[in-house]
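K.L.:
Protein chains: 2
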Amino acid sequence: MNFNLDDIDRRILAALQRDATLSMDALAEAAGLSRNACWRRMRQMEGAGVIRGRVVLLDPAKVGCALQVFVMVRTSSHDAAWMEKFDRAVRILPEIVGAHRMTGDLDYVLRVRVADVPAYDAFYKKLIALVPLSDISASFVMEDNKDTTELPL
Amino acid sequence: MNFNLDDIDRRILAALQRDATLSMDALAEAAGLSRNACWRRMRQMEGAGVIRGRVVLLDPAKVGCALQVFVMVRTSSHDAAWMEKFDRAVRILPEIVGAHRMTGDLDYVLRVRVADVPAYDAFYKKLIALVPLSDISASFVMEDNKDTTELPL
DNA sequence: TATGAAAAACCACGATG
DNA sequence: CATCGTGGTTTTTCATA
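Written out as structure tokens, the structure is:
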């Protein structure tokens, strides 16, 4: 399941997590390696699925998703049919950027991105139309002290 | 604050959010534009900060962060000195990938990535050594139904 | 280290709505 | 008159011998 990383691999990944536009030369230097050796390692980690992909990150406010909401979902009915509906809703609704099943009786946390509070309300209505939910509580994010895609290495 | 996006911009961003390795030609085709026009728009959006950066995404399990934890933090002492300590801890600890101040009396949600439960305990000790916290409750993620960096456009 | 192929980065002009 | 498309040049980076 997990790939055996050494310090050099970690340096390569750390640099790429921060900025994937680095040229092979710059990356190799950051890792303390020759350009070629660095390229081979990167390629290997891509093949092994350690590197999942390359994406651009957008500024949420500038694309009209200024509001982030954590939605705690509790449900009494945890049968297969419900699960299916829930999965479908999560897949369909692009406002849901994270859906996490938690420890402690069927309990989900949703991370939701919308423009503002009215937009959240509209989202909420879409959600409950797709899945019967017994207990929902939304908490709005006032400020992000940190919000990164960089994993600790 | 927010950039005025049209449908073509949205198509460009949607494609890049999914895969930033697309060549200009492929991206232009996805957007229904010539290569150059597409490049001009992309550059503009980079300049405006709509595109924040390009990064690689890693597989958490394969780099030894299989466990994701949501930590709810409540504090009674919300003075400036405390805030400073908290900010510092958030900055210093790489296991914290998200720190969000929430609505409803000083309340934080931390998103934390660690290897396993013992690693979470070690993180917890580091955290409370850095900041006095009156009330912490951790919820462990059992399964991700969704976890994406793609914002709804 | 060298090298050929490919893509990106940029410029200028005329067309279009 | 913004923005498009075309077609060019120069530069960089890749990927491999």
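Respectively, the protein sequence lines represent chains G and L. Under our numbering, read the first sequence as residues 898 to 1050, first letter to last. Under our numbering, read the second sequence as residues 898 to 1050, first letter to last. Quick reminder that beta carbons are idealized off the backbone N, C-alpha and C, glycines included. As the structure is a prediction and not an experimental result, all values here were calculated from the model.
For a contact meaning CB atoms closer than 8 Å, what does L:His975 contact in chain G?
P.N.:
Reading the second sequence from its first residue, position 78 is the one you call residue 975 of chain L. In chain order: nothing, as chain G lies at least about 13 Å away.
K.L.:
Quick one: what does DSSP say G:Val947 is sitting in, helix, strand or coil?
P.N.:
For the purposes of this step, residue 947 of chain G is identified with residue 50 of the first sequence, where counting begins at 1. In the structure shown, G:Val947 sits in coil (DSSP, three-state: anything other than H, G, I, E or B).
K.L.:
Could you check if G:Gly944 is buried or exposed, using at least 16 other CB atoms within 10 Å of its CB as the buried criterion?
P.N.:
Sequence index remark: in the first sequence, residue 944 of chain G carries index 47 (1-based). G:Gly944 is exposed by the Cβ-count criterion.
K.L.:
Across the region 931–941 of chain L and the region 982–993 of chain L, are there enough close Cβ pairs to call them in contact, namely three or more that are closer than 8 Å?
P.N.:
no
K.L.:
Can you confirm whether L:Cys935, when its beta carbon is compared against all beta carbons of chain G, has any partner nearer than 8 Å?
P.N.:
Position 38 of the second sequence, counting from 1, holds the residue named residue 935 of chain L. Judged by the 8 Å Cβ criterion, L:Cys935 is not in contact with chain G.
K.L.:
Hey, is L:Gly961's beta-carbon within less than 8 Å of any beta-carbon in chain G?
P.N.:
Against the second sequence, residue 961 of chain L aligns to sequence position 64. Answer yes: the Cβ-Cβ gap between L:Gly961 and chain G drops below 8 Å somewhere.
K.L.:
Let me see if you follow: with CB-CB separation under 8 Å, is L:Arg949 close to chain G or not?
P.N.:
Position 52 of the second sequence holds residue 949 of chain L. Interface residue, yes.
K.L.:
With H, G and I counted as helix, E and B as strand and the rest as coil, what does DSSP make of L:Glu1040?
P.N.:
Residue mapping note: residue 1040 of chain L aligns to position 143 of the second sequence, counting from 1. Three-state DSSP puts L:Glu1040 in a strand.
K.L.:
Looking only at C-alpha atoms, which of L:Met969, L:Phe900, L:Ala978 and L:Val947 sits nearest to L:Ser1031?
P.N.:
Residue numbering aside, residue 1031 of chain L sits at position 134 when the second sequence is read from its first letter. Checked all of L:Met969, L:Phe900, L:Ala978 and L:Val947; the closest Cα to L:Ser1031 is L:Met969.
K.L.:
May I have the straight-line CA-CA distance separating L:Thr1046 from L:Lys1023, to the nearest angstrom?
P.N.:
Position 149 of the second sequence, counted from the first residue, corresponds to residue 1046 of chain L. Position 126 of the second sequence, counted from the first residue, corresponds to residue 1023 of chain L. Approximately 28 Å between the Cα atoms of the pair.
K.L.:
Whose CA, out of L:Phe900, L:Cys962 and L:Pro1029, lies closest to the CA of G:Ala958?
P.N.:
In the first sequence, counting from the first residue as 1, residue 958 of chain G sits at position 61. Minimum Cα distance to G:Ala958 is reached at L:Phe900.
K.L.:
Sort L:Ala963, L:Trp936, L:Ile1025 and L:Thr918 by Cα distance to L:Arg971 and report the nearest one.
P.N.:
Locating residue 971 of chain L in the second sequence gives position 74, counting from the first residue. Here the closest residue by C-alpha is L:Ile1025.
K.L.:
Of the choices L:Cys962, L:Val987 and L:Gly995, whose alpha-carbon is the least far from that of L:Asp1013?
P.N.:
Stepping through the second sequence from its first residue, residue 1013 of chain L is reached at position 116. Residue L:Cys962 is the option with its Cα nearest to L:Asp1013.
K.L.:
From the beta carbon of G:Ser1036, is the nearest beta carbon of chain L less than 8 Å away?
P.N.:
Here residue 1036 of chain G refers to the residue found at position 139 of the first sequence. Yes, contact with chain L.
K.L.:
Give a yes or no on whether the C-beta atoms belonging to G:Asp1060 and L:Arg949 are separated by under 8 Å.
P.N.:
Residue 1060 of chain G falls outside the range modelled here, since chain G spans only 898 to 1050, and no answer is possible.
K.L.:
Since G:Leu913 is in the alpha helix (DSSP H), which residue starts that stretch and which ends it?
P.N.:
Sequence index remark: in the first sequence, residue 913 of chain G carries index 16 (1-based). Where G:Leu913 is concerned, the enclosing alpha helix (DSSP H) stretches over Asp904 to Arg915.
K.L.:
Once the 5 residues before and after L:Arg908 are set aside, which same chain residues still bring their CB inside 6 Å of it?
P.N.:
As a position in the second sequence, residue 908 of chain L is number 11, starting the count at 1. Excluding residues up to 5 positions away in sequence, Ala928 lie with their Cβ nearer than 6 Å to the Cβ of L:Arg908 in the same chain.
K.L.:
What alpha helix (DSSP H) runs, 4 residues minimum, are completely inside the region 981–1031 of chain G?
P.N.:
1014–1027
K.L.:
From G:Ala1035 to L:Pro1029, what does the alpha carbon distance come to, in whole angstroms?
P.N.:
Taking the first residue of the first sequence as position 1, residue 1035 of chain G is located at position 138. Taking the first residue of the second sequence as position 1, residue 1029 of chain L is located at position 132. Taking the straight line from one Cα to the other gives about 26 Å.
K.L.:
Using the three-state DSSP reduction, which class does L:Leu955 fall into: helix, strand or coil?
P.N.:
Residue numbering aside, residue 955 of chain L sits at position 58 when the second sequence is read from its first letter. Three-state result, L:Leu955: strand.
K.L.:
Report yes if the CB atom of G:Val1006 is closer than 8 Å to the CB atom of G:Phe967, and no otherwise.
P.N.:
Taking the first sequence and counting its residues from 1, the one referred to as residue 1006 of chain G is at position 109. Taking the first sequence and counting its residues from 1, the one referred to as residue 967 of chain G is at position 70. Taking 8 Å as the cut-off, the beta carbon of G:Val1006 is found closer than this to the beta carbon of G:Phe967.
K.L.:
Going straight from the alpha carbon of G:Met999 to that of L:Leu964, what length do you get?
P.N.:
Taking the first sequence and counting its residues from 1, the one referred to as residue 999 of chain G is at position 102. Taking the second sequence and counting its residues from 1, the one referred to as residue 964 of chain L is at position 67. Rounded to whole angstroms, G:Met999 to L:Leu964 spans 11 Å at the Cα level.
K.L.:
Looking only at its own chain, which residues have a Cβ that is under 8 Å from the Cβ of L:Leu1048, when we skip the five neighbours before and after it?
P.N.:
Taking the second sequence and counting its residues from 1, the one referred to as residue 1048 of chain L is at position 151. Taken in chain order, the residues that qualify are Gln914.
K.L.:
Mapping DSSP to helix, strand and coil, what is G:Leu924?
P.N.:
Numbered from 1 along the first sequence, position 27 holds the residue referred to as residue 924 of chain G. Looking at G:Leu924 - three-state DSSP - the assignment turns out to be helix.
K.L.:
Where G:Val953 and G:Leu1027 are concerned, what is the direct C-alpha to C-alpha distance, given to the nearest angstrom?
P.N.:
Numbered from its first residue, the first sequence carries residue 953 of chain G at position 56. Numbered from its first residue, the first sequence carries residue 1027 of chain G at position 130. Taking the straight line joining both Cα atoms gives about 30 Å.
K.L.:
Considering only the alpha carbon of each residue, which of G:Asp1044, G:Ser974, G:Phe1037 and G:Trp936 lies closest to L:Asp1004?
P.N.:
The count along the second sequence starts at 1 and reaches residue 1004 of chain L at position 107. Of G:Asp1044, G:Ser974, G:Phe1037 and G:Trp936, the residue nearest in Cα terms is G:Phe1037.
K.L.:
Round the Cβ separation of L:Leu924 and L:Ala912 to the nearest angstrom and send it over; I've been treating them as touching at under 8 Å.
P.N.:
Here the question's residue 924 of chain L lines up with position 27 in the second sequence. Here the question's residue 912 of chain L lines up with position 15 in the second sequence. Yes, they are in contact, since the Cβ atoms of L:Leu924 and L:Ala912 sit about 6 Å apart, within 8 Å.
K.L.:
Measure the C-alpha to C-alpha separation of L:Glu992 and L:Val1011 and round it to an integer number of angstroms.
P.N.:
By one-based count along the second sequence, residue 992 of chain L stands at place 95. By one-based count along the second sequence, residue 1011 of chain L stands at place 114. Their backbone Cα atoms lie some 6 Å apart in a straight line.
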